[in-house]
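Line by line, the protein sequences are chains Z and P. Its first residue numbered 501, the first sequence is counted upward by one per residue in this note's numbering. Its first residue numbered 3, the second sequence is counted upward by one per residue in this note's numbering. Below you'll find the structure, written out as C-alpha cells, and then a few comments.
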Amino acid sequence: MRIPFLLLTLAASLSAQVTYERIRNAAAEPGNWLTFSGNYFGHRHSPLKQITRQNAGSLKPVWVYQIDKTDKFETSPIVVDGVMYVSEPPSDVTALEAATGRPLWKYRRVLPDNMPVCCGKVNRGLAIWGGRLYLGSLDAHLVALDAQTGNVIWDIEVAPWKTGHTITVAPLIVKDKVIVGIAGGEFGVRGFLDAYDVTTGRRAWRFYTVPAAGEKGAETWKGDSYKYGSATTWVTGSYDPELNTIYWGTGNPGPDWNGATREGDNLYSDSIIAVDADTGKLKWHFQFTPHDVHDWDATQVPVLIDGAWKGRPRKLVLFANRNAFYYVLDRQTGEYLLGKQYVRQTWAKGLDEKGRPIRLPNTAPTEKGTLVYPNSPGATNFYAPSYSPSTRLLYVNTRDEGGVFYSSNDPYKEGSWFLAGRFISRPGEEARGAVKALDPETGAVRWEFPMYAPSWSGVLSTAGGLVFVGAHEGDFFALDDSTGKLLWRFPTGGRVFANPVTYLHEGRQQVAIAAGHAIFAFGFEGEK
Amino acid sequence: MALAQNLPPPTEADLKGGEAAYQFHCAFCHGKGDDGMAASLVSPRLPHAPSDSALLNVIRNGIPGSDMPAALGMTDTEVRQVAQFVRRLAQSARQKAPGDPRRGEQIYLGKGNCASCHMIRGSGERLGPDLSDIGARRGLAGLRASLVEPDASVTPGFVMVRATTAAGRQVSGIRVNENTFSIQIRDAGGRFHSLRKSDLKDLDRDAKSSMPSYKTLSPAELDDLVAYLYSLRGES
Chain Z
501 MRIPFLLLTL AASLSAQVTY ERIRNAAAEP GNWLTFSGNY FGHRHSPLKQ ITRQNAGSLK
561 PVWVYQIDKT DKFETSPIVV DGVMYVSEPP SDVTALEAAT GRPLWKYRRV LPDNMPVCCG
621 KVNRGLAIWG GRLYLGSLDA HLVALDAQTG NVIWDIEVAP WKTGHTITVA PLIVKDKVIV
681 GIAGGEFGVR GFLDAYDVTT GRRAWRFYTV PAAGEKGAET WKGDSYKYGS ATTWVTGSYD
741 PELNTIYWGT GNPGPDWNGA TREGDNLYSD SIIAVDADTG KLKWHFQFTP HDVHDWDATQ
801 VPVLIDGAWK GRPRKLVLFA NRNAFYYVLD RQTGEYLLGK QYVRQTWAKG LDEKGRPIRL
861 PNTAPTEKGT LVYPNSPGAT NFYAPSYSPS TRLLYVNTRD EGGVFYSSND PYKEGSWFLA
921 GRFISRPGEE ARGAVKALDP ETGAVRWEFP MYAPSWSGVL STAGGLVFVG AHEGDFFALD
981 DSTGKLLWRF PTGGRVFANP VTYLHEGRQQ VAIAAGHAIF AFGFEGEK
Chain P
3 MALAQNLPPP TEADLKGGEA AYQFHCAFCH GKGDDGMAAS LVSPRLPHAP SDSALLNVIR
63 NGIPGSDMPA ALGMTDTEVR QVAQFVRRLA QSARQKAPGD PRRGEQIYLG KGNCASCHMI
123 RGSGERLGPD LSDIGARRGL AGLRASLVEP DASVTPGFVM VRATTAAGRQ VSGIRVNENT
183 FSIQIRDAGG RFHSLRKSDL KDLDRDAKSS MPSYKTLSPA ELDDLVAYLY SLRGES
C-alpha cells in the first residue's frame, strides 16, 4: 500500500520533542516558534529574512483558520516542525497543520458555570516541552496535553476558581519546570508565581507577590490589606539562562482605584521581580508604580539585552511600562539606570534618581472623577513589544488616551469584584495609538507610526528589516524597521488582541496573527 | 424547538441580587433606569432587547458600535439577575417629563428647526441621528444634556470632517467610518466618498457637534422639547 507523503511528514512532525536546550537555543532553529516570546529574552524577533522590505508588498494570506467562539482571541501560537499549536478562548487548544491551517486535533475544556472572570474569557498561549503542551486554564488549572493527540496527561489545580483566580497567561518552560502566573487581581486574590515539575506536575515552588504578615515588604501594606493585595502575574516573563533568573511583571494592587485601605507602597505590585529559577527565591525587585491607584499593571514582557552602558558591558532589562515611562535596569542587581516618558502622561513630574515617580497633586481618583493620562489601559498593555538586534531598537505599540478615574468604597468579598472605583475613557476624546521605535539606551523615540485608534496588538520584528503589527480595526501590516514606513497591509476585518509570530513552512517563511475570531497566516504562496 | 431563553420568574433574592449588580455595573450610565445618560430602561419594549434571550445577550456582550459595553466579570447568575431586575424596572412607572410634549413638538418643527437635520419616522433630514425612538434610547437627563451641551458627546457616526486631497480636492461631510488607512465620508448631498489617507494632505475633524446648543430656549420651552423627545418611543 502506498502511504501518502503527507501522512509520513505529519507522523514525524507530531512526535517532535522540544527540549529545554532547544528553547534556550531558539535562534538556531528560526523555522520554529518554541516559546511565547520566540526566545527566552522577550525579544519576539525572528532571524528569518525571506520576507524583506523589498518583497513584503507581495505577502498574501495563505490560509485562515476560524474558531467557533466569540470571546477575544489573544493567543500567541507555538510552531514546532510544521505544526502550529494555538489556545482558543476560553481554554481550548487546537493543533493546526502549518501548511494548510487544517486542525489535527482539538482539546475542549468544559468550564464550571458561574465563574467570576475579569476582562474576557481569554488565553494568551501555550508552552511546549518533550512532546507535551502546557495550558493554564481559565478555571486556574495547569494542564499537560499530549502534543500528538491533545489527550490529557495530567491536570492539576493551581488555585481555586471560586475565589476569582483564573489563568490566562502562556506558561514558560525553564529547565525541568513549567512556570505559570495567576490572574484575578480584580477579585482581590493574593498574587503568586508558580513552578511545576514538567513531568509530574508537582509544584516545585511558589513565590507570593504579596508578602505575608511578618515577611519583608509586609510593612508596605496597611493593616491586613495584604491579604487581598492582588499583584497578579498574568503576562509571560523572560528568563536569563546564564543568571538562572526569571524576570516577571506583576499587576496592580487591589482594590484598583481607592488606595486608602492599603496605604504604603504595596510591594510587590506593579513591579518586575527577579527570582531564582530553581528555588523561586526573590533576588531583587523594582517597583515602577508604588501605591498605584490607576490600575497600571506592570504586566508587560521584560526585554533582556546585553549592551554597553556608559562604556561598560552590562546585562540590561528594558521595560516599557503601562504607566507611560520606559525603564532600563541592570538585570543582575536591579539597579535603576534610566527612566523616560515615552507616551503622554499627567500624573508624575518625572522620576527621581532611583526611578521612583514624583507624583503630581490631585491625580488620585475621587468620587467626582479625576482626569489623568494615560487611562487605565495605560501607555501600553499586555501585548508584546519587540527588540531587534539588527536595528538595536525596541518597538512598542503605544496608546494615548485619557481616563476619568472614580473612587468608591467596596469591601472585600470572596469571589466578588474588588475595585473600589471605576474609570471611563475621557468623554468626547478620540484616542490615538502609535507604534514607536525606542532607542534602548536613551528612551528617545526614533520613529513612530501613528494609528487611528490604540490597538491591542503585539509587535514582531524580523531580520528581513520588518516590524509586523495589527491595528485595532483589523489591518495587519508591515513597517520598515529603521524608518517606520508602511510596506504592506492586509485588512483582516477583525480586531487584533494578539501577538504575531513567524516560522518556516516547508522552508518558506510565514507570519501569523490572531485577528477577530481567526488565525491568519501570510506568505508568498497559497495552497495549490 | 426554538432555543429562545426565557427568564424564570424572579425570586426576592434574584431581584435583590439583580439590583446590587445593576448598581455596580449599570447605574453609572443608566441611573435609576430612566434618568441616566444612557438608554431608558423603563419601557415595556427595549429596542435592543425585545426578547429575554436578546436581553441576556445585550448584558453579556454589549451592543457593538455603541457605548454599551459587554458585562465585565458578571457571573452567569448575575447576568440573569440583572436581566430579571431590568424587566422589573421596565414595568415600573416612567418618570414624568416636566414639560408638555405637544408644545414641544411645535418647537421641534418650528423655532427649533430640528427637522432640518434629524429624521423622525422618515420625515426630516439625515445630517444628525434619527430620533424616532430617542425617548427609548435616552433618559431625561441625557436628552436635556444633548440639547443644552451638544458638544459634550457627539454620537459616533456623526462627526463632521473636512478632507483635502494632495490634488487639492475638498470633501466635507459626516464621517461614516475611519481607520488608520482610509476614511469614508457622506456629504451634504448624501453621496459617499472613500478616501485613502495616504492621498490626503489634510484631514480636519470637528471635535464639536454640528448641532447648536438650545440653551437659548426658555426653561419652559426646554422642558416641552425634552418632553416631546421623551415621548418618541419608536412606536407609530
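Backbone N, C-alpha and C fix where the C-beta goes; we use that ideal spot for every residue, glycine too.
A straight line joining the alpha-carbon of residue 85 of chain P with that of residue 98 of chain P spans about 24 Å. DSSP places residue 888 of chain Z in the strand class (E or B) of the three-state scheme.
Here residue 968 of chain Z carries a strand assignment [DSSP, helix/strand/coil].
For the segment 603–620 of chain Z, the set of residues with a beta-carbon nearer than 9 Å to any beta-carbon of chain P comprises 613, 614, 615, 616, 617, 618, 619 and 620, in chain order. Chain P has a Cβ within less than 8 Å of the Cβ of residue 928 of chain Z. Under DSSP, residue 655 of chain Z shares a beta bridge with Z/643. Taking all protein chains in view, the Cβ of residue 779 of chain Z is surrounded by fewer than 16 other Cβ atoms within 10 Å, so the residue is classified as exposed. Annotated as distal: residue 625 of chain Z and residue 591 of chain Z, with beta-carbon spacing of 8 Å or more. Straight-line spacing of the CA atoms in residue 942 of chain Z and residue 898 of chain Z works out to 17 Å.
Only those residues of the segment 956–981 of chain Z whose C-beta falls short of 9 Å from the nearest C-beta of chain P are listed: 971, 972, 973, 974, 975 and 977.
Excluding residues up to 5 positions away in sequence, 664, 687 and 915 lie with their Cβ nearer than 6 Å to the Cβ of residue 616 of chain Z in the same chain. Counting only Cβ-Cβ distances below 8 Å, residue 917 of chain Z has contacts in chain P at 26 and 75, in chain order. Of all C-beta pairs linking the segment 866–879 of chain Z to the segment 922–938 of chain Z, three or more are shorter than 8 Å, placing the two stretches in contact.
If the five residues before and after residue 908 of chain Z are omitted, its C-beta is found closer than 6 Å to the C-beta atoms of 920 and 921, all from its own chain and listed in chain order. For the options Z/822, Z/772, Z/782 and Z/608, the alpha carbon positioned closest to that of residue 816 of chain Z is the one of Z/772. Counting the other CB atoms within 10 Å of its CB gives residue 656 of chain Z a total below 16, which places it among the exposed residues. Buried is the label assigned to residue 694 of chain Z, since at least 16 other Cβ atoms lie within 10 Å of its Cβ. Contact between residue 531 of chain Z and residue 563 of chain Z fails: their C-beta atoms lie close to 18 Å from each other, not under 8 Å. Counting only Cβ-Cβ distances below 7 Å, residue 922 of chain Z has contacts in chain P at 30, in chain order.
Residue 788 of chain Z places its beta carbon less than 8 Å from that of residue 827 of chain Z. C-alpha of residue 606 of chain Z to C-alpha of residue 648 of chain Z: approximately 11 Å in a straight line. Looking at the backbone, the Cα of residue 93 of chain P and that of residue 44 of chain P are separated by about 7 Å.
DSSP, reduced to helix, strand and coil, places residue 1005 of chain Z within a strand of the structure shown. Residues of the segment 150–164 of chain P with a C-beta less than 9 Å from any C-beta of chain Z: 153, 154, 155, 156 and 161, listed in chain order. Scanning its chain for C-beta atoms nearer than 7 Å, with the 5 sequence neighbours on each side dropped, one finds around residue 622 of chain Z the residues 571, 572, 574, 589 and 668, in chain order. Within 9 Å of the CB of residue 209 of chain P, the CB atoms of chain Z belong to 928, 929 and 930, in sequence order along the chain.
Residue environment analysis places residue 894 of chain Z among the buried positions, since at least 16 neighbouring C-beta atoms fall within 10 angstroms of its C-beta. The beta carbons of residue 757 of chain Z and residue 912 of chain Z sit no closer together than 8 Å. For the options Z/523, Z/596 and Z/847, the alpha carbon positioned closest to that of residue 741 of chain Z is the one of Z/523. The continuous stretches of alpha helix (DSSP H) do not include residue 1024 of chain Z, and DSSP gives it neither H nor E.
As the crow flies, the alpha-carbon of residue 596 of chain Z is around 57 Å from that of residue 215 of chain P.
When the alpha-carbon of residue 967 of chain Z is set against those of Z/948, Z/953 and Z/973, the nearest one is in Z/948. In the DSSP secondary-structure assignment, residue 167 of chain P is bridged to P/202. By the C-beta density criterion, residue 755 of chain Z is buried, having at least 16 other C-beta atoms within 10 angstroms. Exposure of residue 555 of chain Z is indicated by the presence of fewer than 16 other C-beta atoms within 10 angstroms of its C-beta. The beta carbons of residue 933 of chain Z and residue 953 of chain Z sit about 6 Å from each other, so the pair counts as a contact at 8 Å.
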